[in-house]
Amino acid sequence: MLRRIHSLPALVLGLLIAVLAISGAILSVNPAIDRLGTTVPERGQVSVALLAERIAENFVGVEQIQRSPSGSIIVYYSQDDRAEAMRVDPLSGKAIGPYATSPTTRWIKNLHRSLLADTPGRAAAGISALTMLVLCVSGMALLLKRVGGWRQLLRPLRGSFSQRWHSELGRIALLGLLMSALTGILMSATTFGLIPEGADTEPAFPTAVETPAAPVPVGTLPALLEIDLQDLRELVYPMPDTPSDFYSLATAQGDGYIDQATGVLLVFQPHDRVQNAHELIYRLHTGEGLWWLGLLLGVCALSVPVMSATGVVMWWQRRRLMPRIANNSGAQAADTVILVGSEGNSTWGFANALHDALHKAGKRVHTAPMNLLAKEYRQARHLFVLTATYGDGDAPTSARQFLARLGRFSGDNNPAFAVLGFGDRQFPRFCQFAKDARDALLGRGWTEFLELDTVDRQSSQEFARWGEAVEPALSLKLGLTHVPSHPQTRPLELISRMDYGAQVNAPTSILRFGPVASPRARGRLRRMLGISELPHFDAGDLVGIVAPGSPVPRFYSLASGSSDGFLEICVRKHPGGLCSGMLHDLQPGARIDAFIQPNPDFRPASGKSPVVLIGAGTGIGPLAGFIRNNTGKHPMYLYWGGRDPASDFLYEPELDGYLADHRLTGLNAIFSRTANGGYVQDRLLDHSSQMRRLIEDGAQILVCGGRAMADSIRQTIDAIVAPIGLDVATLKLQGRYREDVF
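Position 731 (the sequence shown) corresponds to 731 in UniProt numbering; numbering is contiguous.
Quick look at the structure:
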């Protein structure tokens, strides 16, 4: 529901909002430009009387003096029966240059205020401001759900290019857009009389004196001597040769009339609170008088067209990924039911693959969102629940009603069930909703025919392995596969390789790749300018490599950043491994096809707090990259486990160099196939006291390696920090324990 509240208004009014945002961004520059060419005297330096006296020395026929919110002084006067307007220096009263509003600026203002459509356009602009407010609030709610609450609001974002840019710009520009939307709504409401502007009447015009005295020079008027220039809004002169007329004065505090003979303030009507509030709202919306705020609001407004474009792309991608399920049997006729919980529709691809495989195996399959759990399934023998988790363990959009509907399930036939969770291990409550759904089914007395399993980051390999477990449970041959769509690959060329581990039957290579020179003009220009043709990436991100003959990419953690000028990975050759075998057979000059998948949640946090790096085997790759990039030489400790120091001490020369130049504070390597060997968790236990001190000092822990190793490390760290009242779960919630597990 929340996503619909966010998406539908944006799709309907997105173009209109983008037009208003762009025109507003252009107008936001005007106060700053106006201020650049303006001298603003200090308060108490120039009175209105002194300014008027200086202007009188340089102009005749003065009719009006205005002070703009930015401080510009504009004089309107008559010369040779022509009306003129001039910007003047407030310190000298001399002309700076003619004053005239640009026709282009007037056109843009009309576009922004009324879409060039007068009253209907003003109404449309007001509705657009209200829509922007709805988008800001709903967008923030969606973002909070996505990252897991306020505490995680500033954490790095993951997802596609459009998702990341849409969310990143949203959280950066949120306050500015909220201010623009709220002030725009209030100004529109004022325009249509829905809320008052303040005092509705001007000051009462003074009663004319019967025998007026002769006017005195404007620079001597007592009322004007008491008013500081910074408080002036407008001074309108009396009609020439009309002693009974008065000066009309507008200030920041109120409006009134001044006797031109005595200089006495005859009438003064102060601004009320509503009027002051209205003027503040105007300044906050336009930046008039607050040029720096205007620029900030303009920058925020520029994010709107980008978010509009990325929002449309995301909407189209969701539409494109919406389920199109062939051969979908009815709920009461099916012998197998698949229920899907998805936020961004990616889970539907896996559900479709399962549906097709079961249908080909002769099953009557009904697939539907979890929200459409039926009240009964008359013939179903098996129920599959494939669900993602949204935010901090919440149900995704298509499963929000599942638990409530399960409570209303009244059928006598409870099919045996299996739950498969989809998520990201970097989040503290990985696949939590899948676990909640399983517990709810068990609590209702349903039977589980296959234990809960999970798929990390849409891994095709993990989904295929789960399919292999399903086959014997159903006595079927499914051959379950699904390959999510991935970014377009680019060619990379192997520059060098370092081989390890042959003596311990664990062949491992450090492979370093460079870009393949592009023959296009853009590529030649980048080379001439010394710009790398590598895509942007950081150590800890992932590279997806597509082996020939395989539609499934294999992901490897990167040991380098694009600023290093090369792409480096650490690969162990697995028996029968198609991709690892292909990579180990490469020789310098050979090429591969690959793409980058950002992994911003796995990298050291900025700051001077200690960092503890823990890994085993090829898990050292990104950890070595983090150390290489520790140019600030903050405390960094490495705990790493291998097999034999003579055979597979990966990165040994580099690590020695990092110790020497203090990018690495401490190196603790342990090997399992030596006389006094052990595993990395053993070394951590040996250093329990030091680990506790580091963690009490705010240390962050990053773990990279196989799943079994990562499980052992979690248990070890739990034991180490228990005496200080902590555990891994708490450290994860604090963003201080991060894993990259394969």
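C-beta: ideal position from N, C-alpha, C; glycine also.
This one's a predicted model, so the numbers in the text were calculated from it and none came from an experiment.
Following the DSSP letters along the chain, one finds residue 369 in no alpha helix (DSSP H) but inside the beta strand (DSSP E) bounded by residues 365-369. The residue among 62, 413 and 734 with its C-alpha nearest the C-alpha of residue 81 is 62. Around residue 379, the same chain offers 335 as residues with beta carbons nearer than 6 Å, after the five sequence neighbours per side are excluded. If you draw a straight line from the Cα of residue 373 to the Cα of residue 141, it comes to about 27 Å.
By the criterion of a C-beta distance shorter than 7 Å, residue 3 is surrounded in its chain by 142 and 397, once the five residues flanking it on both sides are discounted. Taking a contact as a CB-CB distance under 8 Å, the pair residue 67 and residue 232 counts as one, their CB atoms being some 5 Å apart. In this structure, the straight-line span from the alpha carbon of residue 581 to that of residue 710 is close to 25 Å. Bounds of the beta strand (DSSP E) holding residue 741 are 737-741. The beta-carbon distance between residue 188 and residue 126, rounded to whole angstroms, is 3 Å. This is short enough to meet the 8 Å contact definition. Fewer than three pairs of CB atoms, one per stretch, sit closer than 8 Å, so the stretch 236-246 makes no contact with the stretch 34-48.
Rounded to whole angstroms, the separation of the alpha carbons of residue 90 and residue 5 is 52 Å. By the Cβ-count criterion, residue 192 is exposed, with fewer than 16 other Cβ atoms from all chains shown falling within 10 Å of its own Cβ. Residue 15 and residue 308 have their C-alpha atoms some 8 Å from each other. Annotation for residue 250: the continuous beta strand (DSSP E) segment containing it runs 246-251.
Membership of residue 347 in the alpha helix (DSSP H) is indicated by the continuous run 346-360. In the three-state reduction of the DSSP assignment, residue 397 falls in the helix class, which pools H, G and I.
With fewer than 16 other beta carbons inside 10 angstroms of its own, residue 205 counts as exposed.
A Cβ-Cβ separation of about 4 Å places residue 641 in contact with residue 680 under the 8 Å criterion. Per DSSP, residue 468 is not a residue of any beta strand (DSSP E); the alpha helix (DSSP H) it occupies stretches across 460-474. With distances taken between CA atoms, residue 249 lies nearest to 235 out of 685, 235 and 150. Here DSSP, grouped into helix, strand and coil, assigns residue 505 to coil.
Within a 10 Å sphere around the beta-carbon of residue 470 sit 16 or more other beta-carbons, which makes this residue buried. Fully enclosed beta strand (DSSP E) runs of no fewer than 3 residues occupy 246-251, 254-259 and 265-270 of the stretch 244-301, in order along the chain. Taken atom to atom, the span from the alpha-carbon of residue 347 to that of residue 483 is near 11 Å. Taking the Cα of residue 412 as reference, the smallest distance to any Cα among 436, 445 and 387 is reached at 445. Residue 394 has its alpha-carbon roughly 12 Å from the corresponding atom of residue 402.
Sorting 625, 648, 285 and 688 by C-alpha distance to the C-alpha of residue 506 places 648 at the top.
Under DSSP, residue 703 forms a beta bridge with 614 and 739. Taking the Cα of residue 480 as reference, the smallest distance to any Cα among 472, 488 and 466 is reached at 466. If you draw a straight line from the Cα of residue 739 to the Cα of residue 534, it is about 26 Å long.
Counting C-beta pairs with one atom in each stretch, the stretch 715-729 and the stretch 682-690 have three or more that are closer than 8 Å, which means they touch.
DSSP places residue 658 within a helical segment (H, G or I) once states are collapsed to three.
In the three-state reduction of the DSSP assignment, residue 111 falls in the helix class. Among the bridge pairs identified by DSSP, residue 66 is matched with 74 and 234.
For residue 622, the enclosing alpha helix (DSSP H) covers residues 620-628. Per DSSP, reduced to three states, the secondary structure at residue 451 is strand.
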